[in-house]
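As they're listed, the protein sequences go chains X and Y.
Position 291 of the first sequence, counting from 1, maps to 333 under the working numbering, and the rest follow consecutively.
Position 316 of the second sequence, counting from 1, maps to 358 under the working numbering, and the rest follow consecutively.
There are 2 protein chains.
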Amino acid sequence: MMQRVDVHLDERSYPIHIGSGSLSQAHLFKPHLSGNQVAVISNDTVAPLYLDDLLTALGGADVDVFTLPDGEQYKTLDSYAAIMDFLLAKRHNRSTTLVALGGGVVGDITGFVAATFQRGVGFIQVPTTLLAQVDSAVGGKTGVNHPSGKNMIGAFYQPRCVIADSAVFATLPEREYRAGLAEVLKYGVIADPEFFDWIEQAGEKLLDKDPDTLVWAVRRSCEIKAGVVEDDERETGLRAILNFGHTFGHAIETLTNYRTYLHGEAVAIGMVMAADLSVRVGSLQLKDAQRIKRVLQSLDLPVCPPTELSDDVMHRAMGMDKKVVDGKLRLVLAETIGRVIVTEEIDASALRATLNAGDVLCDG
Amino acid sequence: MMQRVDVHLDERSYPIHIGSGSLSQAHLFKPHLSGNQVAVISNDTVAPLYLDDLLTALGGADVDVFTLPDGEQYKTLDSYAAIMDFLLAKRHNRSTTLVALGGGVVGDITGFVAATFQRGVGFIQVPTTLLAQVDSAVGGKTGVNHPSGKNMIGAFYQPRCVIADSAVFATLPEREYRAGLAEVLKYGVIADPEFFDWIEQAGEKLLDKDPDTLVWAVRRSCEIKAGVVEDDERETGLRAILNFGHTFGHAIETLTNYRTYLHGEAVAIGMVMAADLSVRVGSLQLKDAQRIKRVLQSLDLPVCPPTELSDDVMHRAMGMDKKVVDGKLRLVLAETIGRVIVTEEIDASALRATLNAGDVLCDG
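Following this line, the structure appears as structure tokens:
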């Protein structure tokens with residue numbers, strides 16, 4: 043059964059279609075194609091699995107396909123330039139429509155190309171990972187990485203439509219699937235205690251990919267994200283709550299060269315660190331922090347930062363994070379399960395204590 | 043005396059300050075700086091002339107300066123990437139402000155960097171050519187060229203403020219100055235017969251750079267452009283009238299590798315060709331077309347396409363222009379002086395006749 047969540051952003055509003063088999067349904071794509079030209083951007087892992095189904099759904103359109111190698115290391119300005127070259131060589135024009143078939147890397151690059159190809163063309167997200175379905179494909183953040191940090195180059199640019207097919211999780215590696223669950227749990231922590239309870243209960247079913255459980259997890263995550271994005275499309279304030287766990291997580295990813303952890307895994311660790319810091323500054327009760335950690339563990343996610351990263355190194359890596367405003371570090375802290383705050387008033391010694399691995403939550 | 047024109051685009055509204063000495067006035071910059079970090083992007087011709095004055099105006103800010111080589115051939119994705127590298131090496135963050143000090147190339151690249159550095163930061167345009175003051179610095183078109191065509195990569199992104207200093211024309215090469223007058227005349231043709239009359243009368247004073255005449259020419263041009271942009275920020279319709287003469291002009295620039303003509307010169311020729319085509323399809327009276335040509339000539343601008351470009355070659359070059367919508371060529375035709383229309387219904391034989399150099403207007 044197909045579910046629909048709408049992201050309301052005036053003339054940039056769009057639907058998210060969630061359900062098994064959605065990526066093969068022509069009628070979901072049709073209303074969002076600007077003209078007859080379509081370019082599908084995918085990667086060499088996903089394309090062999092789902093490109094044929096997608097091409098069937100795109101039926102009569104004049105489709106060109108560009109395939110990137112799979113991996114975060116290809117989320118670069120070079121890949122961006124290669125796609126631009128491809129579109130121009132194939133003579134795509136301002137009324138082309140791009141379709142991103144893949145995970146966050148493909149979606150973010152394709153969105154950034156769409157935002158800037160001839161000053162903006164339409165695009166459709168077909169996210170094929172759990173992480174992309176509940177996070178990166180929704181909300182219009184697009185971009186590429188730079189050697190100095192993630193997503194340093196990009197734009198806010200909304201898709202015309204998101205098609206989240208839950209059948210794709212059957213072929214998603216277990217580890218990637220579980221990493222996506224970290225972001226699902228994040229929505230409970232930042233905005234919805236009942237959803238957090240539900241995930242805590244549904245843990246086994248989620249790990250087993252029970253179809254109805256999955257559709258609800260994706261749907262509720264998208265609803266929460268849509269609500270936040272509707273209030274603050276360009277992250278001038280509230281939207282920063284979506285970064286709960288991410289400032290720590292990004293620093294860990296950067297310092298391990300994006301090789302040791304999947305994004306969701308780094309975020310899982312980052313959420314525990316953010317919870318730990320929240321306890322240290324007196325914002326969150328210890329039992330709630332421990333509960334966050336326990337649910338992440340029950341989802342087979344890592345919850346401790348790598349011991350080889352010194353607090354100095356972490357501190358510096360966090361300072362270069364783009365969430366720094368005019369030299370001030372902004373962090374998202376939990377107040378309770380279901381409510382977080384964004385603050386620039388960080389107690390330096392509490393932060394140091396959290397960064398020194400032997401902390402309460404990881405010892406406990 | 044300082045003049046002010048406002049571009050009304052809701053929360054993206056901004057002022058244009060026009061007058062002699064404006065780029066040295068700190069109070070014009072101050073309200074538009076997001077934080078203390080500022081990056082000035084300029085080129086190696088303009089920086090030696092005006093950078094010191096600008097730095098004085100930026101007073102207490104923490105300023106880094108990046109200088110490009112001068113020239114359209116540097117309006118590339120490579121220059122864009124080099125500026126991104128520079129900003130990140132200097133640890134600029136989301137509350138930095140970019141200042142573009144230069145002509146259209148510097149303004150367009152800087153605007154595109156501002157649109158996409160950490161998903162968007164503020165920027166100020168300080169255009170130092172007539173062309174940039176009346177056209178490229180106003181309206182939010184940003185971008186870089188691609189070997190396959192001009193401005194193929196870019197974004198719509200409005201500056202926080204435009205500071206148009208008329209004193210800079212004293213150091214602007216005569217030829218570049220005159221090229222800018224082509225765009226000034228264009229505003230008369232597309233929207234304001236009285237302004238056209240005024241330019242026709244003021245020809246000598248314009249060529250002599252009479253200060254008051256200049257300020258009015260820039261001011262009225264900016265007002266007309268602002269009005270069009272306010273109605274159609276993202277060029278879904280009306281804004282296309284600003285391209286009068288540009289589809290022909292871009293083709294000429296592309297085919298001569300941007301070496302033979304300045305943009306305004308190519309536009310001057312393009313306006314005559316567009317007027318010629320307008321006469322051939324019965325939309326414009328011959329005497330009006332001839333008047334457009336005569337005024338351009340009086341401003342010492344070229345009015346005939348280069349004879350070595352065959353109609354086949356021109357036709358193909360126009361077909362690759364990004365103003366083609368789903369395979370259809372859109373052109374702007376004049377109906378009278380002061381009114382133009384955008385059409386996709388082009389009489390193929392009339393277009394061929396215009397493209398065959400020996401046309402009515404160039405013979406007459």
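Where a beta carbon is used, it is the ideal one built from N, C-alpha and C, also for glycine.
| Considering only the beta carbon of each residue, do P201 of chain X and G153 of chain X sit closer than 8 Å? | yes
| What does a CB cutoff of less than 6 Å around Y300 of chain X pick up in its chain, not counting 5 residues either side in sequence? | E114
| task | Answer yes if the region 171 to 182 of chain X comes into contact with the region 139 to 155 of chain X, meaning at least three C-beta pairs across the two stretches below 8 Å, and no otherwise. | result | Contact holds: three or more Cβ-Cβ distances are below 8 Å.
| query | What residues in the region 186 to 216 of chain X have a beta carbon less than 9 Å from any beta carbon of chain Y? | reply | H188, P189, S190, G191, N193, M194, I195, G196, A197, F198 and Y199
| Taking Cβ-Cβ distances below 7 Å as the criterion, which residues of the region 295 to 313 of chain Y are in contact with chain X? | Taking 7 Å as the Cβ-Cβ cut-off, the region 295 to 313 of chain Y has no residue approaching chain X.
| In whole angstroms, what is the alpha-carbon distance linking G162 of chain Y and K183 of chain Y? | 14 Å
| Would the region 93 to 106 of chain X and the region 68 to 83 of chain X be scored as touching if the rule is three or more Cβ pairs under 8 Å? | yes
| task | Kindly indicate which residue of Y:D95, Y:H357, Y:F290 and Y:R54 has the alpha-carbon position closest to the one of S64 of chain Y. | result | Measuring from the Cα of S64 of chain Y, the nearest candidate turns out to be Y:D95.
| task | Verify the CB distance criterion: does A259 of chain X have a CB-CB separation below 8 Å to chain Y? | result | no
| Rounded straight-line distance, which links the Cα of C203 of chain X to that of H69 of chain X | 12 Å
| request: Ignoring anything shorter than 4 residues or poking outside the region 271 to 325 of chain X, list the alpha helix (DSSP H) runs there in chain order. | output: 288 to 297 and 305 to 322
| What residues from the region 152 to 163 of chain X come within 8 Å of chain Y, judged by C-beta to C-beta, listed N to C? | F154, A157, T158, F159, Q160, R161 and G162
| task | Classify H59 of chain Y as helix, strand or coil using the three-state DSSP reduction. | result | strand
| Endpoints, the alpha helix (DSSP H) within which D127 of chain Y is located | L119 to A131
| Would you say K183 of chain X reaches chain Y, if we count a Cβ-Cβ gap shorter than 8 Å as a contact? | yes
| field | Proximity of A157 of chain X and P169 of chain X at Cβ, strictly below 8 Å | value | no
| field | Beta-carbon contacts of A293 of chain Y that lie in its chain and below 6 Å, excluding the five residues immediately before and after | value | For A293 of chain Y, where only same-chain residues beyond five positions count, the Cβ hits under 6 Å are M356, A359 and M360.
| query | Applying the criterion that 16 or more other CB atoms from any shown protein chain within 10 Å of the CB defines a buried residue, is Q160 of chain Y buried or exposed? | reply | For Q160 of chain Y, the number of other beta carbons within 10 angstroms of its own is at least 16, and it is reported as buried.
| request: Starting from the beta carbon of M356 of chain X, find every residue of chain Y whose beta carbon is closer than 7 Å, and list them in chain order. | output: In chain Y, no part has a C-beta under 7 Å from the C-beta of M356 of chain X; the shortest such distance is about 17 Å.
| said: For the region 333 to 344 of chain Y against the region 222 to 229 of chain Y, do three or more pairs of beta-carbon atoms, one drawn from each stretch, fall closer than 8 Å, so that the two count as touching? | reply: Contact between the region 333 to 344 of chain Y and the region 222 to 229 of chain Y is present, because at least three Cβ pairs lie under 8 Å.
| query | Per the contact definition of three or more C-beta pairs closer than 8 Å, is the region 246 to 258 of chain Y in contact with the region 203 to 216 of chain Y? | reply | yes
| Assigned secondary structure, P253 of chain X (DSSP; H/G/I helix, E/B strand, else coil) | helix
| 8 Å Cβ cutoff met for L371 of chain Y and I388 of chain Y | yes
| task | Give me the Cβ distance between V49 of chain X and V271 of chain X, rounded to the nearest whole Å; I'm assuming they're in contact under 8 Å. | result | 6 Å
| message | How far does the alpha helix (DSSP H) with L93 of chain X in it extend, from its first residue to its last? | response | A89 to A99
| So what does A197 of chain X bridge to, in DSSP terms? | X:T184
| Neighbourhood of I60 of chain Y by C-beta distance below 8 Å, restricted to the same chain and skipping five residues each side | M44, Q45, R46, V47, Q175, A206, S208, V257, V260, R261 and C264
| request: Indicate the three-state DSSP secondary structure (helix, strand or coil) for Q167 of chain X in the structure shown. | output: strand
| query | Going along chain X in order, which residues have a C-beta closer than 8 Å to the C-beta of A123 of chain Y? | reply | L119
| field | Among Y:T349, Y:P189, Y:K267 and Y:G380, nearest to D127 of chain X - alpha-carbon criterion | value | Y:P189
| request: Determine the DSSP secondary structure at L143 of chain X, reduced to helix, strand or coil. | output: strand
| For D234 of chain Y, the nearest candidate out of Y:K117, Y:V323, Y:R381 and Y:L397 (CA to CA) | Y:R381
| query | My guess is that G191 of chain X and T296 of chain X are in contact by the Cβ rule of under 8 Å, so how many angstroms apart are they, rounded? | reply | 6 Å
| Simplified DSSP assignment, three categories, for C264 of chain X | Secondary structure at C264 of chain X: helix, using DSSP grouped into helix, strand and coil.
| task | For T396 of chain X, collect the residues of the same chain with a Cβ closer than 7 Å to its Cβ; drop the 5 residues on either side in sequence, then sort them by chain order. | result | M315, D318, L319 and R322
| What distance in whole Å lies between the Cβ atoms of G230 of chain Y and F237 of chain Y, which are believed to be in contact at a cut-off of 8 Å? | 4 Å
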